[in-house]
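Q:
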C-alpha cells in the first residue's frame, strides 16, 4: 500500500480528499531535472567517452565557462558499469567545441552528486584559483586522457 501511495502522489491525495468530502489546499510544482546535455569526446568500437554539460556560461554571475562531468563507458556493458574520469571540469566554449565529436553514441545520465560537490568546492576557491583550473585546450587533454584509444 505504501508504494502505491507514493506512486499516486498529490493527485492521489486530492482524489482521496474529494472522495471523503475534505478540502486539500496544496501548492505543487514539477521538479525539473537539471538541464544537461552530452558531448561525445571520443568513440571507439570498445569505449565511449563523453562530457555531461550541467552548467552553461552565466555572465550575470560572472561565470563565462561551461561546467562538465566526464564519463567513460565500455560499449555493450550494463549502464551501471562506467568510470567517472572527472567529477567537475571547467571549460571555455572554445575547449568544449574542440572536444566535440560529431559522431553519435549512446550515453547515460548518472546521479550528479559528485558533480555538485566538486562544483561547490570550485565556487569556494578564490577568483585566481578558479581561473587557474579552467580547461582552455580540449577536455581529454585537460584530464590527461589521450584522444586515441
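Residue numbers (my numbering): 1135 to 1283.
Ideal placement from N, C-alpha and C gives every residue a C-beta, glycine not left out.
Do residue 1249 and residue 1188 count as a contact pair if the criterion is CB distance below 8 Å?
A: If you number the chain shown from 1, residue 1188 lands on position 54. If you number the chain shown from 1, residue 1249 lands on position 115. Against a cut-off of 8 Å, the Cβ pair of residue 1249 and residue 1188 comes out as a contact.
Q: Quick check: what's the CA-CA separation for residue 1178 versus residue 1191?
A: Here residue 1178 refers to the residue found at position 44 when the chain shown is read from its first residue. Here residue 1191 refers to the residue found at position 57 when the chain shown is read from its first residue. Going by the C-alpha atoms only, they are around 30 Å apart.
Q: How far does the beta strand (DSSP E) with residue 1247 in it extend, from its first residue to its last?
A: Here the question's residue 1247 lines up with position 113 in the chain shown. First-last for residue 1247: 1247–1257, but that is the alpha helix (DSSP H), not the beta strand (DSSP E).
Q: Taking 8 Å as the cut-off, does the segment 1269–1281 touch the segment 1216–1226 (at least 3 CB pairs, one atom from each stretch)?
A: Verdict: yes, contact present.
Q: Do residue 1273 and residue 1233 count as a contact pair if the criterion is CB distance below 8 Å?
A: Taking the chain shown and counting its residues from 1, one reaches residue 1233 at position 99. Taking the chain shown and counting its residues from 1, one reaches residue 1273 at position 139. Yes, these two residues count as a Cβ contact at 8 Å.
Q: Decide if residue 1211 is buried, meaning its Cβ has at least 16 other Cβ atoms within 10 Å, or exposed.
A: The sequence position of residue 1211 within the chain shown is 77, counting from 1. Residue 1211 should be labelled exposed.
Q: Whose CA, out of 1236, 1181, 1253, lies closest to the CA of residue 1202?
A: Stepping through the chain shown from its first residue, residue 1202 is reached at position 68. The residue with the shortest Cα to Cα distance from residue 1202 is 1253.
Q: When you compare the CB positions of residue 1235 and residue 1171, do they come within less than 8 Å of one another, or not?
A: For the purposes of this step, residue 1235 is identified with residue 101 of the chain shown, where counting begins at 1. For the purposes of this step, residue 1171 is identified with residue 37 of the chain shown, where counting begins at 1. Their beta carbons are not under 8 Å apart, which means residue 1235 does not touch residue 1171 by this criterion.
Q: Report the rounded CA-to-CA distance for residue 1259 versus residue 1269, giving the unit in angstroms.
A: As a working mapping, residue 1259 is identified with position 125 in the chain shown. As a working mapping, residue 1269 is identified with position 135 in the chain shown. If I take the Cα positions, the gap works out to 16 Å.
Q: Express the C-alpha separation of residue 1226 and residue 1200 in angstroms, rounding to a whole number.
A: Working through the chain shown from its first residue, we reach residue 1200 at position 66. Working through the chain shown from its first residue, we reach residue 1226 at position 92. Using only the alpha carbons, I get a separation of about 6 Å.
Q: Closest to residue 1173 by C-alpha separation, out of 1262, 1263, 1241, 1246, would be which residue?
A: Numbered from 1 along the chain shown, position 39 holds the residue referred to as residue 1173. When only C-alpha atoms are compared, the closest one is 1241.
Q: Is the CB-CB distance between residue 1256 and residue 1224 below 8 Å?
A: Residue mapping note: residue 1256 aligns to position 122 of the chain shown, counting from 1. Residue mapping note: residue 1224 aligns to position 90 of the chain shown, counting from 1. Taking 8 Å as the Cβ cut-off, residue 1256 and residue 1224 qualify as a contacting pair.
Q: Any idea if residue 1207 is buried or exposed, counting beta-carbon neighbours within 10 angstroms, 16 or more meaning buried?
A: For the purposes of this step, residue 1207 is taken as residue 73 along the chain shown, with counting starting at 1. Buried, by the Cβ-count rule.
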